[in-house]
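**Q**
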Amino acid sequence: MNALENVTMVSASAGTGKTYTLTRIIAEKIAAGVPASGIMATTFTKKAAGELRERIAAKLLDAPDGSQDPVRLRNAAQQLSVSLIGTVNSVCGRLLTEYAIDAGLSPALDVIAEEEQAALFRLATDGVLAEYSDRILPAARRLSQLDDDGGWDATVRRICDAARNNMLSPADLAGCGERSWEGFRQLLDEPAETDERAEWLRQFRQLLPGLVSAARTGVDADGKAVKTTAANFAAKWPVVNDRISALGAPDSIAWEQWRGLVPSDSSAWIKRHFEGPVTAVKENLLANPAFHHDVEQFIRLVFECAAECLETYKNFKRRHGLMDFVDQETLVVGLARNNQAFRDSFRQRVKFLVVDEFQDTSPLQLELFLQLGRLVDECVWVGDPKQAIYEFRGTDPELMNAVVANVDKTERLHESWRSQQAVVDLSNAVFEPVFAAVGMPREAVHLDLPSAHAHWPQGSLEAWLREQRKDGDRLAATAAGVADLLTRRPELRPADVAVLARSNDDVANLAAALDALGIRTSLNPNPLFAAREIQLARAAMAFVADARDTVALTEIVALHPGHGAHADWQPTLLGATVPDGILETWAQDPVAAVLAGLRERAGRATPTEVFEEAVSLLGLPELIKSWTMPATRLRNLDAFRACLNTYYEACKALKTPATLRGCLRFLADEEAQGAENSGDDVVHVMTYHKAKGLEWPVVVLESLDKGPGAGAFGTAVEQSGSFDVNHPLAGRWIRFWPKPFPYGGSPLDERAKASDVHARAEERERRNLSRLMYVGMTRSIQTTVLTAQTPAPKGLNLLGVPDLISWSGSDDDGAIHVAGSESLPAGVYSYEPGQPAGGAGDTAVVRYTDAAPRITGVEYPPARIRASKASDAPDAAVLEKTHLGERLIEHGAAGWDTVGSAIHTYLGTAYETLSPDAQLGLAKQIIDRWNVGEHVTADLLVTAGGRLAGFLAAAYPGAPLLREVPIGWRNDANQVMEGWIDLLVDTADGYVLIDHKSYPGTDPAGHIKDRYLGQMAAYREAVLATTGTPVVETLIHLPALGKIYALA
1 MNALENVTMV
11 SASAGTGKTY
21 TLTRIIAEKI
31 AAGVPASGIM
41 ATTFTKKAAG
51 ELRERIAAKL
61 LDAPDGSQDP
71 VRLRNAAQQL
81 SVSLIGTVNS
91 VCGRLLTEYA
101 IDAGLSPALD
111 VIAEEEQAAL
121 FRLATDGVLA
131 EYSDRILPAA
141 RRLSQLDDDG
151 GWDATVRRIC
161 DAARNNMLSP
171 ADLAGCGERS
181 WEGFRQLLDE
191 PAETDERAEW
201 LRQFRQLLPG
211 LVSAARTGVD
221 ADGKAVKTTA
231 ANFAAKWPVV
241 NDRISALGAP
251 DSIAWEQWRG
261 LVPSDSSAWI
271 KRHFEGPVTA
281 VKENLLANPA
291 FHHDVEQFIR
301 LVFECAAECL
311 ETYKNFKRRH
321 GLMDFVDQET
331 LVVGLARNNQ
341 AFRDSFRQRV
351 KFLVVDEFQD
361 TSPLQLELFL
371 QLGRLVDECV
381 WVGDPKQAIY
391 EFRGTDPELM
401 NAVVANVDKT
411 ERLHESWRSQ
421 QAVVDLSNAV
431 FEPVFAAVGM
441 PREAVHLDLP
451 SAHAHWPQGS
461 LEAWLREQRK
471 DGDRLAATAA
481 GVADLLTRRP
491 ELRPADVAVL
501 ARSNDDVANL
511 AAALDALGIR
521 TSLNPNPLFA
531 AREIQLARAA
541 MAFVADARDT
551 VALTEIVALH
561 PGHGAHADWQ
571 PTLLGATVPD
581 GILETWAQDP
591 VAAVLAGLRE
601 RAGRATPTEV
611 FEEAVSLLGL
621 PELIKSWTMP
631 ATRLRNLDAF
641 RACLNTYYEA
651 CKALKTPATL
661 RGCLRFLADE
671 EAQGAENSGD
681 DVVHVMTYHK
691 AKGLEWPVVV
701 LESLDKGPGA
711 GAFGTAVEQS
721 GSFDVNHPLA
731 GRWIRFWPKP
741 FPYGGSPLDE
751 RAKASDVHAR
761 AEERERRNLS
771 RLMYVGMTRS
781 IQTTVLTAQT
791 PAPKGLNLLG
801 VPDLISWSGS
811 DDDGAIHVAG
821 SESLPAGVYS
831 YEPGQPAGGA
841 GDTAVVRYTD
851 AAPRITGVEY
861 PPARIRASKA
871 SDAPDAAVLE
881 KTHLGERLIE
891 HGAAGWDTVG
901 SAIHTYLGTA
911 YETLSPDAQL
921 GLAKQIIDRW
931 NVGEHVTADL
941 LVTAGGRLAG
951 FLAAAYPGAP
961 LLREVPIGWR
971 NDANQVMEGW
981 IDLLVDTADG
991 YVLIDHKSYP
1001 GTDPAGHIKD
1011 RYLGQMAAYR
1021 EAVLATTGTP
1031 VVETLIHLPA
1041 LGKIYALA
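Mapped onto full-length UniProt numbering, the consecutive letters of the sequence shown carry residue numbers 1 to 1048.
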């Protein structure tokens, strides 16, 4: 039969009662005689599955008297607990357990927990990645494919995921690599016969001295003046010099480096000077045979590596008796396709198949539902193509749309039980034309209010203008708008407001901006293991595991206010010569002693049991009540319990025992985020993706200035040929195009933008953004707030409808204008970053503060300081002692600290013992090592050294010279101070302390007085304390100026 002839598609727009409808459909089927065991229903989350079961049971038990057999309905409600209702993977897991023999599996196979799958994939494939790294890394470096997010190993993982979700075998990936390279090659020029990189490098190096000379002298090789003071010369010539000087062999230079050696905003003279090699690179790079070879080999090797990773991961799971979620789905597809015993049994058992959130299924899950759908009497798919926003998780909205277009029987839910009229009007006005532009009928988008809500308030719209140029400032202005909203509408609690943004970074910045205004948010930016309650619990577990763990004991003392040493533990411990006695006393305190009693039972207990008893013995729940945000801290304990469960899953997968010590080692490497904040005083801040399925009275839509961000480069699943509903995965393949020029603007980027691949990617991303904005705009109950930098939000106006939306007016006399619709009344406001007038939020909302800690009131100085950072010193006169000669350097430049390091290095050697030629060779070696040849010459270093040597010989004849003297001591405040003294001259009266400074400016005395008096005083104190010999004279040597100053 036709794969879709028994399918009914229920299109459930946002807020239209999808779960209610699902419940009704399934309950009616059971009431009509289908046994509960004959129902299979899949949901997106475990929570949704549990809620669906409960609602169906309640519907069955609440059937009107006399309408049905109450005993049969009651029995059916009881059978729901063992029915095939759950997430896709839980249902597949049950089927594989029941049909393990048919699938050729052991019923004892362990399923890898979702949170452990990425770690186990890395564990299984690390060897393959290491084996391929030597072959891939050279080309990856040259193609700029090493960053954390877009690195070649991350690309391999994305290809593996895409292959498994589209049922592509390792053998298929070789063809994907070939097709990827063939497509990429169309963007390039025909390959040249020779590799010109060596010639490019020669030309750039040959022209570099001319740039340096012009920068120093102000004239070029023809004697013409060069405007070296112009900003785009003064700022850019050191950049060009540094970039060219840093170049190594041609094979070590990234292709992007060739393009960026001379910045595009350099001065006209710099551009003319390097015009030859810059033009050669621009015109010939895409024809360079080495570039062709790099791209081809990189693409092929990445696919080859991915294929081997797939095989290795498969073998790893087989050896360890494991399977993951994709394996479950693939195996059930295989049973439904090829195993007649399974097909007959399933056909007899399941009569009615329901798929919830159909739009979020992966291609593999689509094939699964089509195969199982052929075996049942009737299918109902419930979903909303307008809310398909999880493409980044492996779903394919366009594939789902192709399937839906082939379903003849459809039902639409069009009444919004969530939102008030103004909110619905805005959603209809914006998204009816947006989705119509991609072929969706307007009636599939339009929402009505049910007659039961005719008495509801009208609702409202707002538009907030934030004209700041920087993203951070605009987000801060949005935070000010939220504060003002809570002031203008005192009936709102902070918890009634949600702010949605596109990225996690924007969410974090919004939360920080709101926090700065005194408004708590749902986002908890702190890592779970940084929370004091988790630190205390983990320290208690570690102390139970090992009585000798004195770090854990100290953490308990520091964190638990009930420990007798809590108030003064730090000075007590630091002041002890031998801390053993103190630590023993701490361990005998009742807080620690009760944990020692738990140690005897720990060997027979699970880590969870140890954790729970430690929490009880420490009285942690009671402590939390006196700390800030107690609700969040209690949820942190639940999050820690979840981490313990993750440890058990890892042990189960690797067939290793779960122990307390093993758990502590596992947690040491674990990264988890703290639990979200909650309560009436918390504004919800999250991404649009996370907001799906949720609702709030007021929703503020951020990131409306950001348009689609698509491109031809990267990894994507492509479709060859037309869609075949009987073979939905036929013709699918993976394309990967690396992006060798990450900063864009290259001829390759321009050609890619003109390609069909880019056009498809751009259209796909535009549709993704349309769906994401629809999800955001349908979350609000009473009020939708739009925010933008201008009154015409760029992101919304790039959704395929010209001039889609704008607003005008101010305060309550404003309007939102949508193309093709009447203007909608709205409040229009402008905001700046900062605290608005008035308070924010409900003053009756409870806010928690910590109980006052017991503190000594003593402020302790840092334990370690560097002499060069010392600032406290008695005032001193700074006098010129001697003039050594002419100024050697006219002015400083970018990277001057490095020049100072080179000068220090030369003066720190015994250069005066060398011949003149050896001194010159040493100076050249130092200049090359520090890469400062554009600022100083070897002759300059030799001259500076000769002048200093002449001064020392005349002023302190025969006195021993001590160079680069390390010094360390404790000062009167018991601080450890460290540093290096450049030069000590050992005279009969005491030491002469000389410090070299590379300062080339015009106010040396003032500079010394502002910067170095504290450092010199510290050195003098150190020398006297460590040697008993005083410093009789302190000198500052300024070789660039040819002067020596004395501190009187």
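Glycine residues also receive a C-beta, built at the ideal position from the N, C-alpha and C atoms.
Can you grab the Cα-Cα spacing for the pair A163 / G714, in whole Å?
**A** Looking up residue 163 in the sequence shown gives position 163. Looking up residue 714 in the sequence shown gives position 714. About 15 Å.
**Q** Does DSSP put G857 in a helix, a strand or coil?
**A** Against the sequence shown, residue 857 aligns to sequence position 857. In this prediction, G857 scores a pLDDT of 44, lower than 50, which makes its location untrustworthy; the coordinate-derived value is nonetheless stated afterwards. G857: coil per DSSP, three-state reduction.
**Q** So, at 7 Å on beta carbons, what are the nonlocal neighbours of A516 in its own chain, with the 5 sequence-adjacent residues on each side left out?
**A** Sequence index remark: in the sequence shown, residue 516 carries index 516 (1-based). Taken in chain order, the list of residues that qualify is empty.
**Q** Would you tell me roughly how many angstroms separate the C-alpha atoms of L888 and E934, rounded to the nearest one?
**A** Here residue 888 refers to the residue found at position 888 of the sequence shown. Here residue 934 refers to the residue found at position 934 of the sequence shown. The alpha-carbon atoms of L888 and E934 are separated by roughly 14 Å.
**Q** Confirm, please, whether the CB-CB distance from R767 to P397 is below 8 Å.
**A** Indexing the sequence shown from 1 puts residue 397 at position 397. Indexing the sequence shown from 1 puts residue 767 at position 767. Yes; because the gap between Cβ atoms is below 8 Å, this pair is in contact.
**Q** Please confirm if the region 349–358 is in contact with the region 317–331, defined as three or more CB-CB distances below 8 Å between the two stretches.
**A** No contact exists between the region 349–358 and the region 317–331.
**Q** Among the candidates G1006, A988, D989 and L984, whose CA atom is the shortest distance from the CA of H996?
**A** Here residue 996 refers to the residue found at position 996 when the sequence shown is read from its first residue. Here the closest residue by C-alpha is L984.
**Q** Please classify A840 as buried or exposed, where buried requires at least 16 neighbouring CB atoms within 10 angstroms.
**A** As a first step, residue 840 is located in the sequence shown; it is residue number 840 there, counting from the start. Legend: pLDDT at A840 = 42, less than 50; position of this residue unreliable, no value from coordinates given.
**Q** Using CA atoms only, rank isn't needed, just tell me which of A653, S81 and G662 is closest to I56.
**A** In the sequence shown, the residue the question calls residue 56 occupies position 56. It is S81.
**Q** Whole angstroms is fine: what's the gap from F316's alpha carbon to A130's?
**A** Here residue 316 refers to the residue found at position 316 of the sequence shown. Here residue 130 refers to the residue found at position 130 of the sequence shown. Whole-angstrom Cα-Cα distance: 16 Å.
**Q** Just to confirm my understanding: we take L879, look at its own chain, exclude 5 residues before and 5 after, and list those with CB closer than 7 Å. What are they?
**A** Taking the first residue of the sequence shown as 1, we reach residue 879 at position 879. Same-chain partners within the cutoff: Y1045, A1046 and A1048.
**Q** Using only CA atoms, which one of L922, L368, A547 and K351 lies nearest to D377?
**A** For the purposes of this step, residue 377 is taken as residue 377 along the sequence shown, with counting starting at 1. Taking only the C-alpha atoms, the option nearest D377 is K351.
**Q** Could you check how far apart the C-beta atoms of A429 and V818 are, in whole angstroms? I think they sit under 8 Å.
**A** Position 429 of the sequence shown, counting from 1, holds the residue named residue 429. Position 818 of the sequence shown, counting from 1, holds the residue named residue 818. Sure, about 4 Å apart at Cβ, within 8 Å.
**Q** List the endpoints of the continuous alpha helix (DSSP H) containing S90.
**A** For the purposes of this step, residue 90 is taken as the residue at position 90 of the sequence shown. V88 to E98 is the extent of the alpha helix (DSSP H) around S90.
**Q** Within 8 Å, do at least three Cβ pairs link the region 667–679 to the region 521–538?
**A** Segments in contact, yes.
**Q** From F723 to G679, what distance separates their C-alpha atoms?
**A** Working through the sequence shown from its first residue, we reach residue 723 at position 723. Working through the sequence shown from its first residue, we reach residue 679 at position 679. Going by the C-alpha atoms only, they are around 49 Å apart.
**Q** DSSP beta-bridge partners for L907?
**A** Mapped onto the sequence shown, residue 907 falls at position 907. L907 pairs with nothing; no bridge assigned.
**Q** For A844, count neighbouring Cβ atoms within 10 angstroms of its own Cβ and tell me buried if that reaches 16, exposed if not.
**A** Residue 844 sits at position 844 when you count from the first residue of the sequence shown. Residue confidence for A844 is low, a pLDDT of 37 falling below 50, so the modelled location carries little weight and cannot support an answer.
**Q** From G373 to D408, what does the alpha carbon distance come to, in whole angstroms?
**A** Your numbering for residue 373 matches position 373 in the sequence shown. Your numbering for residue 408 matches position 408 in the sequence shown. Straight-line Cα distance between these residues: approximately 15 Å.
**Q** Is the distance from the Cβ of R502 to the Cβ of Y774 below 8 Å?
**A** Taking the sequence shown and counting its residues from 1, the one referred to as residue 502 is at position 502. Taking the sequence shown and counting its residues from 1, the one referred to as residue 774 is at position 774. Their beta carbons are not under 8 Å apart, which means R502 does not touch Y774 by this criterion.
**Q** Check whether the region 734–743 and the region 246–253 touch, using three or more Cβ-Cβ pairs below 8 Å as the test.
**A** Counting Cβ pairs under 8 Å, fewer than three are found: no touch.
**Q** For the alpha helix (DSSP H) containing D425, list its first residue and its last residue.
**A** Your numbering for residue 425 matches position 425 in the sequence shown. Segment Q421 to A436, the alpha helix (DSSP H) holding D425.
**Q** Compare the beta carbon distance of A552 and N636 with 8 Å and say whether it is the shorter of the two.
**A** Taking the first residue of the sequence shown as position 1, residue 552 is located at position 552. Taking the first residue of the sequence shown as position 1, residue 636 is located at position 636. No, the pair does not count as a contact, with Cβ atoms beyond the cut-off.
**Q** Can you say whether R866 is buried or exposed, counting buried as having 16 or more other CB atoms within 10 angstroms of its CB?
**A** For the purposes of this step, residue 866 is identified with residue 866 of the sequence shown, where counting begins at 1. That one is exposed.
**Q** If you drop the 5 nearest sequence neighbours on each side, which residues of the same chain put their C-beta closer than 7 Å to that of A545?
**A** Here residue 545 refers to the residue found at position 545 when the sequence shown is read from its first residue. Taken in chain order, the residues that qualify are A602, L660, R661 and L664.
**Q** Within 10 angstroms of its Cβ, does Q328 collect 16 or more other Cβ (buried), or is it exposed?
**A** Locating residue 328 in the sequence shown gives position 328, where the first residue counts as 1. The residue is buried, with at least 16 neighbouring Cβ atoms inside 10 Å.
**Q** Given this structure, state the Cα-to-Cα distance separating G303 from C176, to the nearest angstrom.
**A** For the purposes of this step, residue 303 is taken as the residue at position 303 of the sequence shown. For the purposes of this step, residue 176 is taken as the residue at position 176 of the sequence shown. The sequence shown places Phe at residue 303, not Gly. Rounded to the nearest angstrom, the two C-alpha atoms are 7 Å apart.
**Q** P802 by DSSP, collapsed to three states: which one?
**A** Here residue 802 corresponds to residue number 802 of the sequence shown, with the count starting at 1. Coil, per DSSP.
**Q** Sorted by chain position, which residues of the same chain lie with C-beta nearer than 6 Å to A1022's C-beta, five sequence neighbours on each side aside?
**A** The residue given as residue 1022 occupies position 1022 in the sequence shown. Excluding positions up to five away in sequence, the list reads I967 and W969.
**Q** Count the other C-beta atoms from every protein chain shown that fall within 10 angstroms of the C-beta of F392, then say buried if there are 16 or more, exposed otherwise.
**A** Along the sequence shown, one-based indexing puts residue 392 at 392. Counting Cβ neighbours within 10 Å, F392 comes out exposed, since fewer than 16 surround it.
**Q** Check R352 in the structure and name its three-state DSSP category.
**A** Residue numbering aside, residue 352 sits at position 352 when the sequence shown is read from its first letter. Position check: residue 352 holds Phe in this sequence, whereas Arg was assumed. Three-state result, F352: strand.
**Q** Would you identify the three-state DSSP class for V326, choosing helix, strand or coil?
**A** For this step, residue 326 is matched to residue 326 along the sequence shown. If DSSP states are grouped into helix, strand and coil, V326 belongs with the helices.
**Q** Taking the Cβ atom as the reference point for each residue, do S810 and A792 lie within a distance shorter than 8 Å?
**A** One-based indexing of the sequence shown puts residue 810 at position 810. One-based indexing of the sequence shown puts residue 792 at position 792. In this structure, A792 does not lie closer than 8 Å to S810 by Cβ.
**Q** Rounded C-beta distance between V226 and G218? I'm assuming under 8 Å.
**A** The count along the sequence shown starts at 1 and reaches residue 226 at position 226. The count along the sequence shown starts at 1 and reaches residue 218 at position 218. The Cβ separation is near 6 Å, so the contact holds.
**Q** Return the Cβ separation of L368 and V332 in integer angstroms, given the expectation that the two are a contact with Cβ distance under 8 Å.
**A** As a working mapping, residue 368 is identified with position 368 in the sequence shown. As a working mapping, residue 332 is identified with position 332 in the sequence shown. That pair is a contact at about 6 Å.
**Q** Assuming S901 and G795 form a contact by the criterion Cβ under 8 Å, report the distance between their Cβ atoms to the nearest whole angstrom.
**A** Here residue 901 refers to the residue found at position 901 when the sequence shown is read from its first residue. Here residue 795 refers to the residue found at position 795 when the sequence shown is read from its first residue. About 49 Å separates the two Cβ atoms, so there is no contact after all.
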